[in-house]
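Those protein sequences? They're chains A and B, same order as listed. First residue of the first sequence? That's 420 in the working numbering, and the numbers climb one at a time after it. First residue of the second sequence? That's 24 in the working numbering, and the numbers climb one at a time after it. Just so you know, even glycine gets a beta-carbon here, dropped at the ideal spot from N, CA and C. Structure first, commentary second.
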Amino acid sequence: MRAWPVSLRLAVLGAVVALSLLAAVRLGAVFMSISALMDAIGGRGDPTTITIIRELRLPRACQAALVGAALAMAGATFQALLRNPLAEPYILGVSSGAAVGAVFTVVTGFAARFVWSLPAAAFIGAVLSMLLVFRIAFSVGRTLDTRVLLLAGVVVSAFLIAVIWLVLTFADTESVRSAIFWMMGSHANASWHSVGILTICLIPSAIVLFALARPLNLLAIGEPTAAYLGTSVEGTKIVAFATASLLTAASVSVSGTIGFVGLVVPHTVRLIWGGDNRSLLPCSALLGAAFLVAADTLARSLAGANELPIGIVTALVGVPCFVWLLRRPWSGLAT
Amino acid sequence: MLLAIACARDQTTDHPTRESTKSAIELTDDAGNPVRLDHAAKRIVSLVPSATETLIAIGARNDLVGRTRYDTAADVAALPSVGGGVDASVESIVNLRPDLVVTWQSDARQVVRERLIALGVPVFVIKTEDTTDVFRGIASLGRLTARDSQATAVAIAVRSTLDSVRRATAGRPMPTVLYVGYEDPPMSAGPTTFIGQLISLAGGRSVITDSSQLWPNIAMEEIVRRDPDILIVPVGETTKNPLVALRERTGWRSLRAVRLGQVVSVPADLVNRPSPSIAQSARVLLSALHPELADSTRRPPDAKTAR
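Dropping the structure here:
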């Protein structure tokens, strides 16, 4: 398995994504036979079934796939840039900034009046918090020190979380409930509209990150070495940080914070196929997509009409799988 | 035989006082959105338990096709559940082919509403804060199901019960009351909620009159300072005696009402629903606040006094 060429890895993972998408369309709170499903995809048969498949399950599965891919790529990029195995997409405070924006619209009542205001405010909050973190990091020293960046992200995040709880302390019970529902993360609000916006964000970002895969490999060895070998260290760092943060911001604004995917999917790919970013980034994207689609399918079909928060599923299913993988002899970590 | 059953059914569903169900209905919902139905609603999914109770009260039980996991009354337990009120499964709702979905005004995200409207399902948003909302809800749901006269009759009956409760307490001393919506952290009902209004109607003076919030959290110190005469505690069927629990808690146990045993439990399922059952709630609160007025024939079995 380790010796597989990159093209074979991508082909296998692509097939896994396709299978998970099929399962996502097939399974849900409402039972559906295979023939009804095929008819509905083709636009024939019962209009209610067509609506459920085409307007509810398909956009939701696509959104889960795009968010999973975005978070996994962002996580892999942050881990490479920060040279820290605990790095994940939310480590620089992007999710906290998004949550401030979301909570603001919920508490002021904008979210109830204009449905677009919540994702828009979440995205703006995410971008503003990102700019603040970079402003702090750049104001210390002459170059971008990733340790300072990491600290700036953690403290800004802590500050913003305090702001959220301050606002929620004085908010009414219903707003608190609505805000917490958002913060738990869900794909329930997926539509073709959100899928379109995510696709527009994801494709150029993915191209940029794939193009940076070689410089990121060199950065992993160490910044001075990378500079000797002809990498524009500062440029690579800034572009990669900005791209990964924007991917995270777009994901959080449509689906709330979904933990665990961005942390564990890149590690899983690394355990199986090693840390070369030229393979790691695309493989993480595909595995993240398949993983989140599967988790979302479980979340909305395990308990019938009572949907489980997706973060519970990603952790309950993901952690045992990851521990099993970690203990395999060929993981390179087990003794 | 089948024909006979069909005829019998027709007679019960087409109530003589029911208005034409064929003509289009236009109404503004409690969030100010215009809602248009091509005909009276016959397949309703209610995400608001109190609206479900209102629909049953106006005789529209057979028009309901779905319920939430919080609707556990025997009347509707057989209906398929669509999940929670604000985290309902849109897929399950759509699958029931509803011609009307009733949802919360208080859900600040309105995710379910937006998805359903995008899919062409009419959605009526209902407000559930005070008693005015209850009466407007009865009228609106009556209009949407073409049961205006039943709705009017229900509203008149509720109003007359509320009036008789108000008259019964006229001129009597008003004990000060704290409604203990939640013990830890302490939460009560604000003066503009239906519970706050029913307490004053039933001859009580809530110690929480200065809150702009509907369901304010109150510091324990503040409760001790205001020292209410009576505590009213809503309890579920399985909860143990609230007086015993409060006697063990710091803060609560030093209240005069707890020391003197002036703690009254009321059924949570009843008093928490802003539906026509507010009439019964008012009576329960009356016997809680003025036990001397509740004669043996009128006293509902629900109010358990722990004094």
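- Using a Cβ-Cβ cut-off of 9 Å, I616(A) does not count as an interface residue toward chain B, since no Cβ of chain B sits closer than that to its own.
- Measuring C-alpha to C-alpha distances from I246(B) to each of P299(B), L237(B), G274(B) and R228(B) identifies G274(B) as the nearest.
- For S536(A), no chain B residue has a C-beta closer than 7 Å to its own C-beta; the minimum C-beta separation is roughly 10 Å.
- A buried status is given to M451(A), since no fewer than 16 other beta-carbon atoms sit within 10 Å of its beta-carbon.
- Under the three-state reduction of DSSP output, M210(B) falls in the strand class.
- R170(B) counts as buried, since at least 16 other C-beta atoms from the protein chains shown sit within 10 angstroms of its C-beta.
- At least one beta carbon of chain B lies nearer than 9 Å to the beta carbon of I471(A).
- Collapsing the DSSP output to three states places R66(B) in coil.
- Identification of residues in the stretch 100-112 of chain B having a C-beta nearer than 9 Å to some C-beta of chain A yields P103, S104, V105, G106, G107, V109, D110, A111 and S112, given in sequence order.
- Burial of V188(B) is indicated by the presence of at least 16 other C-beta atoms within 10 angstroms of its C-beta.
- Think of a sphere of 9 Å around the beta carbon of T562(A): no beta carbon from chain B falls inside it, the nearest being about 42 Å out.
- DSSP places G433(A) within a helical segment (H, G or I) once states are collapsed to three.
- Annotation: R502(A) is outside any alpha helix (DSSP H) and is labelled neither H nor E by DSSP.
- Annotation for S605(A): no alpha helix (DSSP H) segment contains it, and DSSP assigns it neither H nor E.
- Put simply, the backbone Cα of I619(A) is about 11 Å away from that of H612(A).
- Contact between the stretch 482-492 of chain A and the stretch 702-716 of chain A is present: three or more C-beta pairs spanning the two stretches fall below 8 Å.
- The Cβ atoms of D153(B) and P297(B) lie closer than 9 Å to each other.
- Classified as exposed, K45(B) has fewer than 16 neighbouring CB atoms from the shown chains inside 10 Å of its CB.
- Shown here for D98(B): same chain residues with a beta carbon closer than 8 Å to its own, the five before and five after excluded, namely I79 and R84 in chain order.
- The beta strand (DSSP E) runs of length 3 or more contained entirely in the stretch 134-203 of chain B are, from start to end of the chain, 146-149 and 199-202.
- Contacts between S115(B) and chain A, judged by CB atoms closer than 9 Å, involve G447, A448, V449, G723 and A724 in chain order.
- DSSP, read as helix, strand or coil, puts R228(B) in strand.
- For I48(B), DSSP records a beta bridge to L60(B).
- Chain-ordered listing is empty here: chain A has no CB closer than 7 Å to the CB of A162(B), the nearest sitting near 23 Å.
- If you draw a straight line from the Cα of A47(B) to the Cα of R92(B), it is about 31 Å long.
- A residue is called buried once 16 or more other Cβ atoms fall within 10 Å of its Cβ, and M457(A), having fewer, is exposed.
- Beyond the five residues adjoining it in sequence on each side, S664(A) comes within less than 6 Å, by CB distance, of V513 and M549 in the same chain, given in chain order.
- With contacts defined by Cβ atoms closer than 9 Å, V144(B) and I301(B) do not form a contacting pair.
- Among the CB atoms of chain A, one or more fall inside 9 Å of the CB of V134(B).
- Annotated three-state conformation of I510(A) is coil, per DSSP.
- Bounds of the beta strand (DSSP E) holding V256(B) are I253 to V258.
- Taking the beta carbon of V525(A) as reference, the chain B residues within 7 Å of it are A131 and R132, listed in sequence order.
- Using a 10 angstroms sphere on the CB of W238(B), the tally of other CB atoms reaches 16 or more, which defines it as buried.
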